[in-house]
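Single-structure report; data block below.
2 protein chains.
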Amino acid sequence: MASCLISRHFALSLHRNVRLSAPACRYVSKAAPKTQQDYDYNGPSMKTTVPGPRSQNVGAINFFCNYEESRGNFLVDVDGNRMLDVYTQISSIPIGYNHPALLKLMSNPNNLSTLVNRPALGILPPENFPDKITESLLSVAPSGMSRVQTMACGSCSNENAYKAMFIWYRNKERGNAAPVDDDLTSCMINKSPGCPDLSILSFMGGFHGRTLGCLATTHSKAIHKLDIPSFDWPIAPFPRLQYPLEEFTRENAQEEARCLEEVEDLIVKWRQKGRPVAGIVIEPIQAEGGDNHASPDFFRNLRNIARKHGAAFHVDEVQTGGGATGKFWAHEHWGMDDPADIVSFSKKLLTGGYYHKDELQADKPYRIFNTWMGDPSKNLLLAEVLNVIRRENLLEEVTRSGKSLMNGLYELQAQYPGILSRARGQGTFCAIDICDDATRNSLLLKARDKGVLLGGCGDKSIRFRPALIFKEYHVHMFLNIFNDVLAQHK
Amino acid sequence: MASCLISRHFALSLHRNVRLSAPACRYVSKAAPKTQQDYDYNGPSMKTTVPGPRSQNVGAINFFCNYEESRGNFLVDVDGNRMLDVYTQISSIPIGYNHPALLKLMSNPNNLSTLVNRPALGILPPENFPDKITESLLSVAPSGMSRVQTMACGSCSNENAYKAMFIWYRNKERGNAAPVDDDLTSCMINKSPGCPDLSILSFMGGFHGRTLGCLATTHSKAIHKLDIPSFDWPIAPFPRLQYPLEEFTRENAQEEARCLEEVEDLIVKWRQKGRPVAGIVIEPIQAEGGDNHASPDFFRNLRNIARKHGAAFHVDEVQTGGGATGKFWAHEHWGMDDPADIVSFSKKLLTGGYYHKDELQADKPYRIFNTWMGDPSKNLLLAEVLNVIRRENLLEEVTRSGKSLMNGLYELQAQYPGILSRARGQGTFCAIDICDDATRNSLLLKARDKGVLLGGCGDKSIRFRPALIFKEYHVHMFLNIFNDVLAQHK
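These protein sequence lines are chains A and B, in that order. Add 1014 to the 1-based position in the first sequence for the numbering used here, that's all there is to it. Add 1014 to the 1-based position in the second sequence for the numbering used here, that's all there is to it.
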């Protein structure tokens, strides 16, 4: 394995010699314009089936990777297979592998101290931390939010966001008076009123993480939830839109109205049974649950329902945030000045955390707290990722690539109506349904053996989650290979 | 702030010129032997009160730090105050600030890829990851455990450990048969039998984290739990030992027997009310809750009670693990071959996670899972920390320093019986009680202004949590200053 490790200097000079060569465009007649990305590879290169002989395939492990040799949009495995990565570590790699800007950043000796001295951020932050947060996370704060709390991962982000909503809700109920003795003593033994019977309303098909609080709002697959105790919290239906959208305008509007009505009914019902809804949590696109979309109108109405019933509105952008929809946050597509009370993130942001409105700030120190509360070394990476996104206009690139990807999916869907349906997406955050689960899984493996790494979601969907540096050129590379896979599919 | 940033090369050459000078030993008559630690400072140096004018003091923030200038046992703040750190970022810095071995590691270009390409470890691990885990975490695996699961933080570690216990318990109940349809459908809506009414038994005064599952087992302070919904899980009393231990042998044995009896009663009671105890979780020393100790016999008996009732036994070593008790794991002091079914860790281990016995392995992939499942860059740091611990015999140092610290605390307690009581500890993981909360807080601030950073725990205790490189020399430095603070206390 030592031979796989290459020095940075050698690596950089090596990759200067890698230039893009013209791809063979079997599917799309016109060759897509190539962009100079001298650290990226020019295409997949497969030496074995995957997993190959040097890999292992146990439990959930797909195969073992050679991250040193991976570049840009290409993930290299231990057998030297180089795959176009349209899954990017479950949508968590923002600007590809070994981006030169990040390598440079991490080799800057000025950053060493941040790498080796992880602080307890909540009590002893580094002197420049507020500035760093202003430059990074707050520079992309959702509309109406000027506060952010970092956390270590997506689940912790949502758990703490839920806590912030509960604290806010109970303070309202107390009229912002201090808790009484009964609150303070009963909470120590997990009892009401100190530990109140409040709830979070979530949606069937939603995914918000796997720790016990998050899991009570996750309803995408049984394997996530089986055998784990949960809370009696309300679960609303998420709209099941029919595609193509333009043919089902009326039906889809009715479906969304039905779901919103159910949300209100549940809020009333849970209030009546003594478990008031303190917050509503929703993904702008249900990702893990099958890339389920709803209209901006649906979300605007839902946000109003939350407000009307005194519940906080939490938009979970763990998977949608960071630019893949063509906007930095997917909720920006709703066109609202006041889209949410809380927006949580992780994955492409490289650190977990949540933004919140001023009133969702906990009233006392140590209520939202843990030892690390994030990690300044991840913030360092994020700040540079944001620089690259701006410098390289990556949101525009995503919008452009996303259009090509959707057009290609529409064409493939027209060509293979027995296999493909319901092509949908925003930016490059796209998905398509396959006729059944077995075919979906077979296509995923065949595509992988041809050098395209994809992920599934929901019962029978394929989700596309490329990095933000996925250009039209890469879209066509993917479409060519996927077309071959479909053509050979029996 | 840029002027505070120093290049690595400059930093190393600068600190070679810093040598320890003989301390003025006001408290201890004989001077402690000095150890050559050429990157450490020779003592505190205070320029202002803390927080000083360049710091801010909002919410839980104590003050802002200059981590670039901090070295070894000394934390430097933004006003240039240099404090002997006996709290170490809530016990999470294993070998001091800017340890040369860690600076060297992080400046090795071979490690750059690990810093910039964070994988989804559960599905696409780096090729050398199993070897790295074997060299690092598994090289210090608790007795009887050969499996480890990394996680991002302490709370996630415990949440997932609880899930592993629930899954194991339900599989036992099903006779390892596959779940039936009713299990799979009911779990999607948070209902039994899919989401069963199982419980985790915890102890009053325990702290296991602040996410909703963990929080249901945390009972140290009301501020952690107030307003957050919880589970109806059993809570047993933790022994309240009387000190000095040798004077209260009989009373303490009775107290421990009482608590164990209560544990068994609770297990029976919760089984009867349909919420069987799937696991028992306990800290070897209740840290956040006030540094509460129990005898090895107590833990051995408790482990047997868990076995007898078919519950898993989870030892939470998030704060005690990593060497501060003089053994790598605090449970080693119990002298058992089979101390636990699960041991969780974080903090000084730099990554979260938990060890478990083979039978606690989830039966299917994706049951214990999340996007990152830890972070190889933290594992890299941990491996080097373990090398340093071995190379520098730090566990022996801790034992030696711990004895000095305890002797010093006993002497101070004899000298100030109106203020100090119940000195207790293992290794340097020590604590002492102060007469009341207000005096405790006043002493903490006075010590800080004299250059010693300490933390509180429980109602009125001070906890000592130095790094593993805290030598006898530093113990005496602390005792001198603390003695001065006590002498001046009105």
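Glycine included, every Cβ here is placed at the ideal spot set by N, Cα and C.
request  = Flag I1281 (chain A) as yes if its beta-carbon sits less than 8 Å from any beta-carbon of chain B, otherwise no.
outcome  = Numbered from its first residue, the first sequence carries residue 1281 (chain A) at position 267. Not closer than 8 Å to any Cβ of chain B, the Cβ of I1281 (chain A) fails to qualify, so no.
query = At a CB-CB cut-off below 8 Å, which residues of chain B make contact with K1361 (chain A)?
reply = On the first sequence, position 347 is the one that residue 1361 (chain A) refers to. Near K1361 (chain A) (Cβ distances below 8 Å), the residues of chain B are T1385.
ask   = With 16 as the cutoff for other CB atoms within 10 Å, does S1043 (chain A) come out buried or exposed?
value = Indexing the first sequence from 1 puts residue 1043 (chain A) at position 29. Because S1043 (chain A) sits at a pLDDT of 35, beneath the cut-off of 50, its placement in the model cannot be relied upon, and the following sentence gives the value as read from the coordinates. With fewer than 16 other Cβ atoms within 10 Å, it is exposed.
ask   = Taking all protein chains shown into account, do 16 or more other C-beta atoms lie within 10 angstroms of the C-beta of T1334 (chain A), making it buried, or fewer, making it exposed?
value = As a position in the first sequence, residue 1334 (chain A) is number 320, starting the count at 1. By the neighbour-count rule (16 or more Cβ atoms within 10 Å), T1334 (chain A) is buried.
request  = Determine contact between the segment 1332-1348 of chain A and the segment 1295-1309 of chain A, defined as no fewer than three beta-carbon pairs at a distance below 8 Å.
outcome  = yes
key: Unbroken alpha helix (DSSP H) run spanning Y1111 (chain B), endpoints   = Counted from its first residue, the second sequence places residue 1111 (chain B) at position 97. Premise fails: Y1111 (chain B) is in no alpha helix (DSSP H) and is neither H nor E.
task = Could you tell me the boundaries of the beta strand (DSSP E) in which H1233 (chain A) lies?
result = On the first sequence, position 219 is the one that residue 1233 (chain A) refers to. First-last for H1233 (chain A): undefined, no H or E at that position.
message = Buried or exposed, going by whether 16 or more other CB atoms sit within 10 Å of the CB of L1089 (chain B)?
response = In the second sequence, residue 1089 (chain B) corresponds to position 75, counting from 1. The residue is buried, with at least 16 neighbouring Cβ atoms inside 10 Å.
inquiry  = I'd like to know whether the C-beta atoms of V1162 (chain B) and L1400 (chain B) end up nearer to each other than 8 Å.
reply    = By 1-based counting over the second sequence, the position of residue 1162 (chain B) is 148. By 1-based counting over the second sequence, the position of residue 1400 (chain B) is 386. Not in contact: V1162 (chain B) and L1400 (chain B) (Cβ atoms no closer than 8 Å).
ask   = Do you know offhand how far G1057 (chain A)'s Cα is from R1096 (chain A)'s?
value = Here the question's residue 1057 (chain A) lines up with position 43 in the first sequence. Here the question's residue 1096 (chain A) lines up with position 82 in the first sequence. About 8 Å.
request  = Establish whether the CB of L1316 (chain A) and some CB of chain B are separated by less than 8 Å.
outcome  = For the purposes of this step, residue 1316 (chain A) is taken as the residue at position 302 of the first sequence. It does not: the Cβ of L1316 (chain A) has no partner Cβ on chain B nearer than 8 Å.
ask   = If you run the structure through DSSP and keep just helix, strand and coil, what is V1489 (chain A)?
value = Here residue 1489 (chain A) refers to the residue found at position 475 of the first sequence. Reduced to three states, the DSSP call for V1489 (chain A) is helix.
key: Under 7 Å from the C-beta of E1173 (chain B): neighbouring residues of chain A   = For the purposes of this step, residue 1173 (chain B) is taken as the residue at position 159 of the second sequence. In chain order: T1225 and L1226.
Close Cβ partners of E1269 (chain B) (< 6 Å) along its chain, the five nearest in sequence each way excluded = As a position in the second sequence, residue 1269 (chain B) is number 255, starting the count at 1. Contacts found: P1253.
task = Could you pull the start and end residues of the beta strand (DSSP E) that A1320 (chain B) belongs to?
result = For this step, residue 1320 (chain B) is matched to residue 306 along the second sequence. It is not in any beta strand (DSSP E) - A1320 (chain B) instead sits in the alpha helix (DSSP H) that spans P1310 to K1322.
message = Can you list, in chain order, the residues of its chain with a C-beta nearer than 7 Å to that of P1156 (chain B)? Leave out the 5 residues immediately preceding and following it.
response = In the second sequence, the residue the question calls residue 1156 (chain B) occupies position 142. Around P1156 (chain B): W1343, H1345, P1353, A1354, V1357 and Y1369.
task = Could you check what DSSP says for F1359 (chain B) in three-state terms: helix, strand or coil?
result = The count along the second sequence starts at 1 and reaches residue 1359 (chain B) at position 345. F1359 (chain B) falls in the strand class under three-state DSSP.
query = Excluding five sequence neighbours on each side, which residues of the same chain lie with their C-beta closer than 7 Å to the C-beta of K1061 (chain A)?
reply = Sequence index remark: in the first sequence, residue 1061 (chain A) carries index 47 (1-based). So the qualifying residues of the chain are D1093, G1094 and N1095.
query = In chain order, which continuous runs of the beta strand (DSSP E) of length 3 or greater are located wholly inside the segment 1058-1091 of chain B?
reply = 1088-1090
ask   = By the 10 Å Cβ neighbour count, where 16 or more other Cβ atoms means buried, how is E1486 (chain A) classified, buried or exposed?
value = Within the first sequence, residue 1486 (chain A) is the residue found at index 472, counting from 1. Buried.
message = So, at 7 Å on beta carbons, what are the nonlocal neighbours of L1409 (chain B) in its own chain, with the 5 sequence-adjacent residues on each side left out?
response = If you number the second sequence from 1, residue 1409 (chain B) lands on position 395. Same-chain partners within the cutoff: G1337, G1340, K1341, F1342 and I1403.
key: Ranges of the beta strand (DSSP E) found wholly within the segment 1123-1183 of chain A, counting only runs of at least 3   = 1161-1165
message = Please tell me whether P1140 (chain A) has its Cβ less than 8 Å away from any Cβ of chain B.
response = Here residue 1140 (chain A) corresponds to residue number 126 of the first sequence, with the count starting at 1. It does: the Cβ of P1140 (chain A) has a partner Cβ on chain B nearer than 8 Å.
task = Counting only the same chain and skipping the five closest in sequence on each side, list residues whose C-beta sits under 8 Å from that of D1197 (chain B).
result = For the purposes of this step, residue 1197 (chain B) is taken as residue 183 along the second sequence, with counting starting at 1. Closer than 8 Å at Cβ, skipping near neighbours: P1207 and G1208.
message = Using a Cβ-Cβ distance cut-off of 8 Å, determine whether C1444 (chain B) contacts chain A.
response = Here residue 1444 (chain B) refers to the residue found at position 430 of the second sequence. So no, C1444 (chain B) is outside the interface.
ask   = Are A1445 (chain A) and I1137 (chain B) close, meaning C-beta to C-beta below 8 Å?
value = Taking the first sequence and counting its residues from 1, the one referred to as residue 1445 (chain A) is at position 431. Taking the second sequence and counting its residues from 1, the one referred to as residue 1137 (chain B) is at position 123. Result no, Cβ atoms of A1445 (chain A) and I1137 (chain B) do not sit closer than 8 Å.
message = Count Cβ pairs between the segment 1235-1243 of chain A and the segment 1180-1193 of chain B that sit closer than 8 Å; are there 3 or more?
response = yes
key: C-alpha distance - D1091 (chain B) paired with E1082 (chain B), whole-angstrom precision   = Indexing the second sequence from 1 puts residue 1091 (chain B) at position 77. Indexing the second sequence from 1 puts residue 1082 (chain B) at position 68. When rounded, the distance between both Cα atoms is 10 Å.
query = Considering D1447 (chain A), what are the terminal residues of the beta strand (DSSP E) in which it resides?
reply = Your numbering for residue 1447 (chain A) matches position 433 in the first sequence. Unbroken beta strand (DSSP E) run through D1447 (chain A): F1443 to I1448.
ask   = Can you give the beta carbon distance from S1537 (chain B) to H1233 (chain B), rounded, assuming they're within the 8 Å contact cut?
value = Here chain B has residues from 1015 to 1504 only, and residue 1537 (chain B) is not among them.
request  = Would you give the residue range spanned by the beta strand (DSSP E) that Y1369 (chain A) belongs to?
outcome  = Residue 1369 (chain A) sits at position 355 when you count from the first residue of the first sequence. That run of the beta strand (DSSP E) goes G1366 to H1370.
request  = Check the Cβ of S1106 (chain B) against every Cβ in chain A and list those closer than 8 Å, keeping chain order.
outcome  = Within the second sequence, numbered from 1, the residue matching residue 1106 (chain B) stands at position 92. Correct list: R1132, A1134, T1385 and W1386.
message = Buried or exposed, going by whether 16 or more other CB atoms sit within 10 Å of the CB of K1474 (chain A)?
response = In the first sequence, counting from the first residue as 1, residue 1474 (chain A) sits at position 460. K1474 (chain A) comes out buried.
request  = Apply the 10 Å Cβ neighbour rule to D1099 (chain A) and answer buried if 16 or more other Cβ atoms are within range, or exposed otherwise.
outcome  = Taking the first sequence and counting its residues from 1, the one referred to as residue 1099 (chain A) is at position 85. Under this definition D1099 (chain A) is a buried residue.
query = Is it a yes or a no for the segment 1310-1317 of chain A touching the segment 1441-1459 of chain A, going by three-plus beta-carbon pairs under 8 Å?
reply = no
ask   = Over what stretch of residues does the beta strand (DSSP E) that includes D1099 (chain A) continue unbroken?
value = As a working note, residue 1099 (chain A) is residue 85 in the first sequence. From DSSP, the beta strand (DSSP E) with D1099 (chain A) extends over R1096 to D1099.
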